[in-house]
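*Asks:* Dumping the structure here so I can ask a few things about it.
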Amino acid sequence: MEMLLFVIMNYLINLAASLRSNAITEKHRQKLQEKVKKEADALQAVQDRMSLKEQLKLVGTEAARRKAKDGITGAEKHLFHLLTEEMFQDDITQWLTAWKPQEKKRSEEKLSEQMVKALEKGGTENKYIDHFKTVYFDRIEKVVFSDPVLANWRLTLALNAAFERLDELEADIREEGLQTRDEVKKQHDETRGELAEMAAKEAHRQTKQFTPQQRNQAVERYRELALESCDIIDLANLPESDRHIAARNLELRRLYVPLRIKVEVTAGLEVDEEELERIEKQREQMRRQRTEEDDKEKRTSIGERLAEAGRLVLLGDPGAGKTTLIRWIATAYLLRLKQDAGFKDLPDVKTLPDKNWLPIVVRCRDLDVSCRTGSIDDVLCETFRKAQMTVEETAALQAVIRELLAEGKAILLVDGLDEISNTGIRARFSQQIERLHIAFPKAPIIVTSRIVGYREMHYRIGRGFEHATVSEFSKEDKDEFARRWCDVTELPERRESSTKELIEALHSADRIERLTGNPMLLTTLALVKRKVGKLPSRRADLYWEAVLVLLNWRSEVDEPIDHREAVPQLEYVAYEMINRGVQRLREDDIIELMEKMREEYPNIRAVKKHEPAEFLRMLERRTGILIEAGEVRHKGRSVPVFEFRHLTFQEYLAALALVDGKFPGRDKLKSLAEHIAPLAGQTVISKGEPMVRDNWREVLRLCAACCGDDDVGDVLLAILTPMQGEDPDKTTRPRAVLAALCLADEPNVSDDIANQILEAFARQVIKRDGEGSWQTTVGKAAMELVGTEWEKMLRKYLSKEFCIREPVIRWTPGSLLGRIGVLSAQTVDKKFHHWIEKEVKRLYADDNLEAIDAALTIMRKASHEEMRTIPGMVEGLLGMLEKNGPSANAGAWALFWLGKNEIWVPTQKETEHLISFISSPSSDIEAVFYSIAILGNAKSNQAVEVMIARLDEGSEMVRKIALQAIAKIQEDKTDRKLLSRDTDGVGPWLDPQDPIDENRVKMAAKRLKKPEEEVRQRYEKLAEKYKLRISWQAV
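So for the sequence shown, this note's numbering puts the first residue at 71; every next one is plus one.
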């Protein structure tokens, strides 16, 4: 800017020295404009680090020095000397930056007074001096600052000065806090108002330079071009095999699935480094253990927040849909302005504010470097020119846009702030956005950025901007995507079936569910389905196809990344990250690992195609597999850190590293199984039970799924079998669970190996595994085995375990087996009558294990879900009592829940059958327990005698259930309460073998509000009937 100042200062002095005729004035004006045109690039005042006053000092001194050499008149000498004086420099600065008329007038008077003295010293005639006083500054305004370039330059200077005042005032407010003086607040508000007024007036002035026809034509042209570029899904990055889709004109309105956002920091609150780090960590945690209910209540539409806050910084992960969201907003308002019938059909359009905003889309990646450091006018000019508008159209549109922004009739959409690679320039660009908001406070603004890119620039957009993050897709969002995707990519006759297949595939497993919360990865899996015909049922195959699709994902000008170059290096890095137990590595660490990999495997020539640093950036830019995730301090400077876009890719590639033998420290003399065995023995205690460490658990599962058929058996036994020197109490259960999980992926393993694994797994079932939840490691593994080819074998071993255990602990494998049976029915046969007929038929099987399985499945169904009996069911369950032992236990347990939930009431004949079973001393004790409970719930008086006989039973459990049954049959409510432990008549119940003493009498009397003597007498009568023990009678 110094050169421009030099030109202008020369002009001001020369004009003052020779202001005698219009001809001379015009001559100076023409010279000035020629020089201004040459120095137009210097008009970027905002990027100058020196203040205007500092630059004036340099310029003034240099101008005076040059003129002294040229030989000048006396008047010129004294006038140029003024440029070297500090007071004159201050007054020039104030004059150039003054906006209010009264301030400008005061500055002109001060300058005029000093210049008149200089003219007098130089011997200028009084007549000319009087003329100077009258016309000089008026001529300057009309001749110089009527030029649009110089007028805009001066406006920028004035705005900068006002912003500097505003910054100082806001610093005072922050420093003084609640004690801020009223006058400071007042000055602050006045300055903001002045800035807005200044911008609005200048916008109006610029607009008037163009005819209504020019303005309208420019706006119409822009709207036409903007709609063409926004109302389209950018599929230029599709893999090579799907280029035919990208070649089609896919309107955004057909493919867009509405995104939701979550407000992280409301407008007015500070957004510091810790807050952004918290947001990142929270989103990472949600990616790993996401449940839809976690953030459903916090999800909101961007339209709602736009109406409420007006200004948003929208943060999101790569591929979260930020750019598509910006295009959707722009398309919506462009269609609305066009009064296009398609507006109402645009997805989610009703959530947007009901405004006729003209959308201005600024794509940061498209801005030239020089433009990014310039003013907002430079940014708009670059944006419009790249939209293929002419110079004349751009000038007219810029003027119109400024006026629309001032009136709040345009919305500014800044996309991809993080794509300004230089963090310093990114921060300065953010300051320009803040200044734009202050200059045009009515204008709504949205800025998008990756979270990491926003955090690493160490500057936060404040001044009333709300900060929000893009939420992941919900189940309903994914279904909507599937419908829209298939509508666009499938033939009409295939759309319905393809949509159904894709929806089912997307929800087929928890891992896939978590993988598809991001639009980019959801599209990736949709492309995998197109390529393969369906989503591979084996996870390992699915992940391999997804990796290939992402490696093939490219921009229009890039070649696909060769998987032979990428995969070995990704494997090596992923394994080391898993081995270290980390999910992020510094850039220098990754580069070092890639270099080390090349040294250890010199025969893999494909990996040498690119240098490690270049290859890493290429992966980050084009694939989305490995992404930059922030910065850390290392050796006194900030360095980038990288992570795999999804933990699944890190785990899968680490598994491939084991299978392919591409990992650090590999012993080539050891087999794959020998490498795996110690990894499976790395255990921790989590939620009260031992399990294989998180970092290896999934990797080893995927390794077993990926390895060759010749290795898989040894690999699974290496996972299952504790190594010599291990503590079996710590590793036997987690190893068995992990081996069972490996079977859930259905590797090509022999029946013999599978039998060993499932038998060992069934032995690990303990109390908490049978308590009705899938939350234990055994429960989760069992659930994953449902629907696989190994389910039947698992159920056989759980039935065996039910049979061989002691009666009192038999229920733990039995409960788990019942849950598996019900879950399997929900998966395979959703029609109840088909399912229940099959189960009843199995009750009569010759194989006791199958009959037990069927009975326990019916038990579980009756205990937790709607159920009804069918012919043969009760008969079959009663028939199992005759087999006694575990079979009787399973049958009675099922009958108990049928009776308890009033699905079945025993007939007279069935009651007699149960009484007969209870009466037999050889009957299974657990089956007796449930049979007594059945008759108690049925209030069968004819069963009281056999129940009384069981009050002397050696099993406390049976004694109590017998007394409970008797109590339920009791007609006297007080007696029923006296038989319950807490005197409430609902249980738990007394043990008939425990003596009733005076303390019990006193407690019961108090609670029941009965005389102690009455309570004592009641207990004596009950003892006589039911063989209870009375302490005072024993004495």
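Backbone N, C-alpha and C define an ideal beta-carbon position, used for all residues, glycine too.
What's the gap between the Cα of D1022 and the Cα of L984?
*Replies:* Start at 1 with the first residue of the sequence shown, and residue 1022 comes out as number 952. Start at 1 with the first residue of the sequence shown, and residue 984 comes out as number 914. Using only the alpha carbons, I get a separation of about 19 Å.
*Asks:* Helix, strand or coil for D438? Go by DSSP, reduced to three states.
*Replies:* In the sequence shown, residue 438 corresponds to position 368, counting from 1. Reduced to three states, the DSSP call for D438 is coil.
*Asks:* Can you list, in chain order, the stretches of the alpha helix (DSSP H) that have 4 or more residues and sit fully within the region 439 to 521?
*Replies:* 439 to 442, 446 to 456, 461 to 477, 493 to 509, all fully within the region 439 to 521.
*Asks:* Taking Cβ positions, are L828 and W860 nearer each other than 8 Å?
*Replies:* For the purposes of this step, residue 828 is identified with residue 758 of the sequence shown, where counting begins at 1. For the purposes of this step, residue 860 is identified with residue 790 of the sequence shown, where counting begins at 1. Cβ atoms of L828 and W860: closer than 8 Å.
*Asks:* Measuring CB to CB, does R381 end up less than 8 Å from E526?
*Replies:* For this step, residue 381 is matched to residue 311 along the sequence shown. For this step, residue 526 is matched to residue 456 along the sequence shown. No. Outside cutoff.
*Asks:* Excluding sequence positions up to five away, which residues of its chain have a Cβ less than 6 Å from the Cβ of E768?
*Replies:* Stepping through the sequence shown from its first residue, residue 768 is reached at position 698. Closer than 6 Å at Cβ, skipping near neighbours: E721.
*Asks:* Excluding five sequence neighbours on each side, which residues of the same chain lie with their C-beta closer than 7 Å to the C-beta of I531?
*Replies:* On the sequence shown, residue 531 is found 461 positions in, with the first residue counted as 1. Taken in chain order, the residues that qualify are V383, S500, I503, E504, V517.
*Asks:* Here's the rule I'm using: 16 or more other beta-carbon atoms within 10 Å means buried, otherwise exposed. How should R715 be labelled?
*Replies:* Position 645 of the sequence shown, counted from the start, is the residue given in the question as residue 715. Buried.
*Asks:* Quick test of the definition: if touching needs 3 or more C-beta pairs under 8 Å, does the region 220 to 240 touch the region 170 to 187?
*Replies:* No: the two stretches stay apart, fewer than three of their Cβ pairs being nearer than 8 Å.
*Asks:* Could you compute how far the alpha carbon of P1062 sits from the alpha carbon of K1097?
*Replies:* Translated into positions along the sequence shown, residue 1062 becomes position 992. Translated into positions along the sequence shown, residue 1097 becomes position 1027. Straight-line Cα distance between these residues: approximately 7 Å.
*Asks:* Using C-beta distances below 6 Å, list every residue in its chain close to R285, excluding the 5 sequence neighbours before and after it, in chain order.
*Replies:* If you number the sequence shown from 1, residue 285 lands on position 215. Once the five neighbours on either side are set aside, the close Cβ partners of R285 are A466, V470.
*Asks:* Please report the straight-line C-alpha distance between A1037 and V835, rounded to a whole angstrom.
*Replies:* In the sequence shown, residue 1037 corresponds to position 967, counting from 1. In the sequence shown, residue 835 corresponds to position 765, counting from 1. In a straight line, the C-alpha of A1037 is about 35 Å away from that of V835.
*Asks:* Closest by CA to T401, which one among R472, L325, D301, G386?
*Replies:* On the sequence shown, residue 401 is found 331 positions in, with the first residue counted as 1. Checking every option, the nearest Cα to that of T401 belongs to D301.
*Asks:* So, under 8 Å CB-CB, R293 and K408 are touching, yes? Tell me the CB distance rounded to an integer number of Å.
*Replies:* As a working mapping, residue 293 is identified with position 223 in the sequence shown. As a working mapping, residue 408 is identified with position 338 in the sequence shown. With a Cβ gap of about 7 Å, R293 and K408 count as contacting.
*Asks:* Under the assumption that F712 contacts E690 (Cβ atoms under 8 Å), give the Cβ distance between them as a whole number of angstroms.
*Replies:* Your numbering for residue 712 matches position 642 in the sequence shown. Your numbering for residue 690 matches position 620 in the sequence shown. Going by Cβ atoms, the distance from F712 to E690 rounds to 7 Å, so yes, they are a contact pair.
*Asks:* How would you label L405, buried or exposed, when you count the other beta carbons within 10 angstroms and need 16 or more for buried?
*Replies:* Translated into positions along the sequence shown, residue 405 becomes position 335. By the neighbour-count rule (16 or more Cβ atoms within 10 Å), L405 is buried.
*Asks:* Going by other Cβ atoms of all chains shown within 10 Å of its Cβ, with 16 needed for buried, is V754 buried or exposed?
*Replies:* Within the sequence shown, residue 754 is the residue found at index 684, counting from 1. Counting Cβ neighbours within 10 Å, V754 comes out exposed, since fewer than 16 surround it.
*Asks:* Quick one: Cα of L474 to Cα of S544, how far?
*Replies:* One-based indexing of the sequence shown puts residue 474 at position 404. One-based indexing of the sequence shown puts residue 544 at position 474. Computed Cα separation, rounded: 37 Å.
*Asks:* What's the C-alpha gap between S177 and L437?
*Replies:* By one-based count along the sequence shown, residue 177 stands at place 107. By one-based count along the sequence shown, residue 437 stands at place 367. Looking at the two C-alpha atoms, the distance is approximately 38 Å.
*Asks:* Beta-carbon within less than 6 Å of T143's beta-carbon, same chain only, minus the 5 sequence neighbours each way: which residues are those?
*Replies:* Start at 1 with the first residue of the sequence shown, and residue 143 comes out as number 73. Result list for T143: empty, nothing under 6 Å.
*Asks:* From L225 to K212, what does the alpha carbon distance come to, in whole angstroms?
*Replies:* On the sequence shown, residue 225 is found 155 positions in, with the first residue counted as 1. On the sequence shown, residue 212 is found 142 positions in, with the first residue counted as 1. Their backbone Cα atoms lie some 15 Å apart in a straight line.
*Asks:* With C-beta atoms as the reference, is F872 less than 8 Å away from G891?
*Replies:* Here residue 872 refers to the residue found at position 802 when the sequence shown is read from its first residue. Here residue 891 refers to the residue found at position 821 when the sequence shown is read from its first residue. Not a contact, by the Cβ cut-off of 8 Å.
*Asks:* Here's the rule: buried if 16 or more other CB atoms are within 10 angstroms of the residue's CB, otherwise exposed. What is E566?
*Replies:* Sequence index remark: in the sequence shown, residue 566 carries index 496 (1-based). The residue is exposed, with fewer than 16 neighbouring Cβ atoms inside 10 Å.
*Asks:* Roughly how many angstroms lie between the CA atoms of I399 and P417, to the nearest whole one?
*Replies:* Residue mapping note: residue 399 aligns to position 329 of the sequence shown, counting from 1. Residue mapping note: residue 417 aligns to position 347 of the sequence shown, counting from 1. Cα to Cα, the separation comes out at about 11 Å.
*Asks:* Could you tell me the distance, in whole angstroms, from the CA atom of G192 to the CA atom of F202?
*Replies:* In the sequence shown, the residue the question calls residue 192 occupies position 122. In the sequence shown, the residue the question calls residue 202 occupies position 132. Straight-line Cα distance between these residues: approximately 14 Å.
*Asks:* Between which two residues does the beta strand (DSSP E) harbouring H537 extend?
*Replies:* Translated into the one-based positions of the sequence shown, residue 537 becomes position 467. Note, H537: beta strand (DSSP E), 536 to 540.
*Asks:* Quick one: grab the DSSP three-state call for P877.
*Replies:* Mapped onto the sequence shown, residue 877 falls at position 807. Here P877 sits in helix by DSSP.
*Asks:* Measure the alpha-carbon distance for L572 versus A596 and round it to whole angstroms.
*Replies:* The residue you call residue 572 lines up with position 502 of the sequence shown. The residue you call residue 596 lines up with position 526 of the sequence shown. Distance between the alpha carbons of L572 and A596: 7 Å.
*Asks:* Quick test of the definition: if touching needs 3 or more C-beta pairs under 8 Å, does the region 599 to 612 touch the region 697 to 712?
*Replies:* Segments in contact, no.
*Asks:* Tell me whether S741 sits in a helix, a strand or coil according to DSSP, three-state version.
*Replies:* Here residue 741 refers to the residue found at position 671 of the sequence shown. S741 falls in the coil class under three-state DSSP.
*Asks:* Secondary structure at V617, three-state DSSP: helix, strand or coil?
*Replies:* Looking up residue 617 in the sequence shown gives position 547. Helix.
*Asks:* Measure from the C-beta of G735 to each C-beta in chain B and report whether the shortest distance is under 8 Å.
*Replies:* As a matter of chain content, chain B is missing from the structure shown, which is built from one protein chain.
*Asks:* Contact between the region 767 to 782 and the region 675 to 683 is defined here as three or more beta-carbon pairs at a separation below 8 Å; is this criterion met?
*Replies:* No, the region 767 to 782 is not in contact with the region 675 to 683.
*Asks:* Suppose only complete runs of 4+ residues qualify. What are the alpha helix (DSSP H) ranges in the region 142 to 230, listed by chain order?
*Replies:* Fully enclosed alpha helix (DSSP H) runs of 4 or longer: 144 to 152, 156 to 167, 171 to 191, 196 to 209.
*Asks:* Let me know the secondary structure DSSP gives T977 once reduced to three states.
*Replies:* Here residue 977 refers to the residue found at position 907 when the sequence shown is read from its first residue. Reduced to three states, the DSSP call for T977 is coil.
*Asks:* Count the other C-beta atoms from every protein chain shown that fall within 10 angstroms of the C-beta of H507, then say buried if there are 16 or more, exposed otherwise.
*Replies:* Taking the first residue of the sequence shown as 1, we reach residue 507 at position 437. The residue is buried, with at least 16 neighbouring Cβ atoms inside 10 Å.
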